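As they're listed, the protein sequences go chains A, B, C and D.
Residue numbering for the first sequence follows the working numbering, starting at 1 and increasing by one per position.
Residue numbering for the second sequence follows the working numbering, starting at 1001 and increasing by one per position.
Residue numbering for the third sequence follows the working numbering, starting at 2001 and increasing by one per position.
Residue numbering for the fourth sequence follows the working numbering, starting at 3001 and increasing by one per position.
Cβ atoms here follow ideal geometry from the backbone N, Cα and C, with glycine treated the same way.
Owing to the predicted nature of the structure, the values given are computational and were not obtained by experimental measurement.
There are 4 protein chains.
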Amino acid sequence: MSVYRLLISCPDTHGLVAIVSQFILEYNGNIKEAHHHLDEQNKHFFMRIEIESNSITCSLDDFRDAFSVLADQCNMVWQLSDAAQLKRILIMGSKASHCVADLLHRGHENELEGEIVGVLSNHDRLSKLASWYDVAFKKVSISQDTKEADMNKMMKTVDSFNPDVIVLARYMQIIPEEMCVEYSGKIINIHHSFLPSFVGANPYERAAERGVKLIGATCHYVTANLDEGPIIEQDVVRVDHADSAEDMKKMGQDVEKITLAKGLKYHLEDRLLTCNNKTIVFS
Amino acid sequence: MSVYRLLISCPDTHGLVAIVSQFILEYNGNIKEAHHHLDEQNKHFFMRIEIESNSITCSLDDFRDAFSVLADQCNMVWQLSDAAQLKRILIMGSKASHCVADLLHRGHENELEGEIVGVLSNHDRLSKLASWYDVAFKKVSISQDTKEADMNKMMKTVDSFNPDVIVLARYMQIIPEEMCVEYSGKIINIHHSFLPSFVGANPYERAAERGVKLIGATCHYVTANLDEGPIIEQDVVRVDHADSAEDMKKMGQDVEKITLAKGLKYHLEDRLLTCNNKTIVFS
Amino acid sequence: MSVYRLLISCPDTHGLVAIVSQFILEYNGNIKEAHHHLDEQNKHFFMRIEIESNSITCSLDDFRDAFSVLADQCNMVWQLSDAAQLKRILIMGSKASHCVADLLHRGHENELEGEIVGVLSNHDRLSKLASWYDVAFKKVSISQDTKEADMNKMMKTVDSFNPDVIVLARYMQIIPEEMCVEYSGKIINIHHSFLPSFVGANPYERAAERGVKLIGATCHYVTANLDEGPIIEQDVVRVDHADSAEDMKKMGQDVEKITLAKGLKYHLEDRLLTCNNKTIVFS
Amino acid sequence: MSVYRLLISCPDTHGLVAIVSQFILEYNGNIKEAHHHLDEQNKHFFMRIEIESNSITCSLDDFRDAFSVLADQCNMVWQLSDAAQLKRILIMGSKASHCVADLLHRGHENELEGEIVGVLSNHDRLSKLASWYDVAFKKVSISQDTKEADMNKMMKTVDSFNPDVIVLARYMQIIPEEMCVEYSGKIINIHHSFLPSFVGANPYERAAERGVKLIGATCHYVTANLDEGPIIEQDVVRVDHADSAEDMKKMGQDVEKITLAKGLKYHLEDRLLTCNNKTIVFS
């Protein structure tokens, strides 16, 4: 059963749920799932509605046109997508393979509601892995001396994949602000710490040094502020005094790959909305 | 801000969300929070809607009367309650005090959306604890020889408290079927295992014997089938080979009290619906 | 079965385990449990050994005297205690009661390997709770204007309890450096965040603002550096976009009380050693 | 730094730790890590000692011969292995690829202390995956009609790999008793439920039907009693009313692969001992 997904974010006004559900009913739409959230502090309302595609009496484009009139009246930021239209996923990695291998395997097993269109890296190491899974691989080296030119080349390569979502699977390079803006809300990163702890480099070393009893990973949208974007998902794993930074790194890899996959899944299924620097996750 | 809470369970039909939200809008009701769930297997729809009490233009009784007409048309099982009307909680315990003490403390600190009206036990041990918290205590002994008479006395005592919800906080006696029926959907139990593992007596001993690596607790509604009622909440804690059954019992007590408190909270806030032998938790 | 507990921390040298276990055997001691840890980075060795008290052929004092000779040879920092000798626990709280009530109840149920000798607070609110549990209560107000004098009075009151361990159960005041030094390794605090995230005041508000998906609590030894002492235990609980700072505070209270109780238990059972700013937990 | 690992299981007697550590010291052995556990119920003692290989003054064989004399005196069941000697791992799978792919990737990244020598399946589906990772693949079909002959062929194929450990990565066939005996303590299975819940087939369907709030996976040694062998590791993940059996199956796959990898790691690092039907995990 295929569905359309309507995501709405707007100032709270009286009768919103009734207005929207009435509109859908006029087009004979059958609501399969609906989530609502009122942010009381900001008086802002958020909705996610799944409508059976077949129940709608007109084309998606016509339905979209009609809805846009209503949306304008209510000052909505909104998005209406067809779940059958798979999103194009670009994976960006560096040398570490755990997250990339996990995502490629999920793609291969049709676990993702999306199509992995490429792997882009600043190193060769992931090339063989990508080719195993019949996924295009591009390498764009980034060197300290020619960073600006390299980054420009990288961004052009990214554009050439025409991605709907970019997954930083331990890419290890800071994304240029220009790209953060162009793909705003479309770049997902996995940070190898329980943010806001250990922002920046070498989080496992610093976790070991601080003697924490749980380490974690954080999946978040990328913004121009490093490791400060809206958090999508987090998880932790228990460690103890016998675990070195190296042990933590290994244990953390499992948390990283699961947490990234979970965050990406939410994005692919249009379950994420943002409000200021926070996410609403309609899971 | 006080709210009315509308809980609906009905066969899935076209336009349900629109119909209900339209109805609420007619009475000027402002929806603060709404949850929907379609059980696709059973083609059954579930809703929980929080409406700002002040926004409704008539009395709760009139609103209820009006809604009942709509409810009949859609074959709804439903409930409309005023959150300001605190539920009457009766705690039933035996000798163990961890769950009872935890609930009494939460009641005392106004953490519960309800009023603890009494503690009923088959032993004296909890009497002092209840009196500390200024909660009525009743003892009804249950002896093997006079069980039927004792149980009848117990049930009369329960009725005398006129409870909206009964919490079995490690009561350790099997509840008569008659009482299960009378208070159907209103008796909450905490079982000291991760159900369906270790149904029945001595779950910690059996967990230790089986060598499990996690032990748990299960909060569920009580039905005539022992430990088989709809599960509300579960949680676990890690154990290892060095933990004896006695250690597990102690560690498990923390899981029991937290899990019971969470399950009770869902019930008090009208977040629970049942479908066959399962719960829908709109948390 | 009563036990002596030997805690050792010393530079790593060849044959340490053999030397110590040989020594114990000479006194006919039966080892019930033994933990070892080599910190490879610092070349430092840590041991915890439980010896059946009855098996030792001399008095504890004689055994201690004999061991001190060996300890000096190996440059050991060590401690030999009799588990039957209960530690004196002083609880310090402010207004919030969840941790204090939980600890008092555990004390009352003989769950703690220690004796709660008093509750000290800068407010009256916990007085009734302490008296319920027949535990001495002392109030020492702390006001901004007379802070130094108040703190001196507080410290004298602490001393008057002659505590073996001081539990800051949400005390909310910064402990004077002088007291941190006097009771070094004997003051346990519960911080209401997953350290090192949200050091300092109002962690739940800041967690809500940052939009984290897990909140936590950290039990740690108190040092002169606020919230920077060695971490003993941490735990987390899942939150989502619908949870306000106020909700998080309530949910966090359960994590706080369980985590504090666990950390205190480790301390009371002599399971904790420190190395630089980290703890070794022989659980 | 390479190590020898000594695993000991024997009746508890006086001075065991001293005797063993004294013996190691006589051969100049440096103990890097040591774990002890006394099973009080069974009066049985368990030890795991890591000794720096270089510190021992004779060959491993001579050390082993010498130790065997001591071991006989104390009625020890014991094992002394060289960590540098990688264990040969045989993976057995069926159609599902999540666990197999995860293990192969870990092998490829040198995360496992062992060498994956082959993948054996009753279907073709995993063949390509194995060949990607340059691991030998063998298919032995199992059909209902010729089961006995097929199983014999399978067992011969297993033997041909000369495995030190066999990992059932969702193999889905019941292992013949004969093979359970031959490879006793060397076959590791992942069961897709939180045992002892949902022993046998279709655990996710049954979990969904029962309405549990957590699902899990169990890594255990295989014995002739289906799903009844000693549990090595377990973990769980939270589900809710909106998750179908199909959703649970997908969510459970992540728990399965992580839990299996963790259990295998313990085995490869000689961290597991068994006592009756339970494991001691010296992690």
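Under three-state DSSP, which class holds K156(A)? helix
Close Cβ partners of H1108(B) (< 6 Å) along its chain, the five nearest in sequence each way excluded: Y1133
Can you tell me whether A1207(B) is helix, strand or coil according to DSSP? helix
Looking at the structure shown, is Q2073(C) part of a helix, part of a strand, or coil, going by DSSP? helix
For W2291(C), would you say it is in contact with chain B, using Cβ-to-Cβ distances shorter than 7 Å as the test? Outside the shown range of chain C, which is 2001 to 2283, sits residue 2291(C), and nothing can be said about it.
Determine, using beta-carbon pairs with one atom in the region 1164-1174 of chain B and one in the region 1250-1265 of chain B, whether at least three such pairs fall under 8 Å. yes
Just list the alpha helix (DSSP H) runs in the region 2132-2183 of chain C, keeping only unbroken ones of 4 residues or longer that don't cross its boundaries, in chain order. Qualifying alpha helix (DSSP H) stretches, in chain order: 2147-2160, 2177-2182.
L2120(C) and K3032(D) - do their beta-carbons sit closer together than 7 Å? no
Does the region 1213-1225 of chain B come within contact of the region 1055-1072 of chain B, defined as at least 3 CB pairs closer than 8 Å? No, they do not touch.
Given F3023(D) as reference, the closest of H3035(D), G3252(D), L3006(D) once Cα atoms are compared: The shortest Cα separation from F3023(D) among H3035(D), G3252(D), L3006(D) belongs to L3006(D).
Bounding residues of the alpha helix (DSSP H) (the contiguous stretch that carries V1020(B)): 1016-1026
DSSP-derived helix/strand/coil call for F3282(D): coil
Scan the region 3085-3097 of chain D for residues whose Cβ lies nearer than 7 Å to a Cβ of chain C and list them as they occur along the chain. none
DSSP three-state call for H98(A): helix, strand or coil? helix
For V236(A), go through chain C and note every residue whose CB falls closer than 7 Å to its CB, in chain order. L2214, V2236
Test: I231(A) CB closer than 7 Å to a CB of chain C: yes
Using DSSP's beta-bridge definition, name the partner residues of F46(A). S9(A), H37(A)
Please list, in chain order, the chain D residues whose beta carbon lies closer than 7 Å to that of V2017(C). Going along chain D in sequence order, the residues near V2017(C) (Cβ under 7 Å) are S3021, I3031, A3034.
Out of curiosity, what's the CA-to-CA distance linking L90(A) and Y183(A)? 12 Å
Are at least three pairs of beta-carbons, each pair with one atom in the region 3238-3245 of chain D and one in the region 2012-2031 of chain C, less than 8 Å apart? no
Using a C-beta to C-beta distance shorter than 9 Å, which residues of chain D count as neighbours of H2123(C)? Residues of chain D passing the Cβ test: none, with the nearest at roughly 38 Å.
Let me make sure I understand the geometry here. Which of I2008(C), H2035(C), E2040(C) has the alpha-carbon closest to that of L2070(C)? I2008(C)
How would you label E2050(C), buried or exposed, when you count the other beta carbons within 10 angstroms and need 16 or more for buried? buried
When H44(A), E148(A), N28(A), S160(A) are compared against T274(A), the one with the closest alpha-carbon: H44(A)
Could you work out which residues of chain D lie near A1242(B), taking near to mean beta carbons separated by less than 8 Å? H3037
CB L3126(D) to CB V3165(D), shorter than 7 Å? In this structure, L3126(D) keeps its C-beta atom at 7 Å or more from the C-beta atom of V3165(D).
Straight-line gap, D2072(C) to L2272(C) (C-alpha atoms, nearest Å): 21 Å
Report the neighbours of H2014(C) on chain D: residues whose CB is nearer than 7 Å to its CB, in chain order. N3030
CB of R3064(D) within 7 Å of CB of L3086(D), strictly: no
Less than 7 Å separating the beta-carbons of A1208(B) and M1251(B)? no
Going by beta carbon distance, what residues of the same chain come within less than 8 Å of S1097(B), once the five residues before and after it are set aside? Excluding its 5 nearest sequence neighbours in each direction, S1097(B) has C-beta neighbours in its own chain below 8 Å: R1125, L1126, L1129, listed in chain order.
If you reduce the DSSP assignment to three classes, tell me which class Q1257(B) lands in. The question names Gln, but residue 1257(B) in the sequence shown is Lys. Helix at K1257(B).
Mind the definition here: the region 2225-2234 of chain C touches the region 2193-2212 of chain C only if three or more C-beta pairs lie below 8 Å; say whether that holds. yes
Suppose the cutoff is 7 Å on Cβ atoms and the five residues either side in sequence are ignored; what does the same chain contact list for H3267(D) look like? V3165, I3188
Starting from G3216(D) and walking both ways along the beta strand (DSSP E), at which residues does that stretch end? 3214-3221
Whose C-alpha, out of H35(A), N28(A), Q253(A), is nearest the C-alpha of I280(A)? H35(A)
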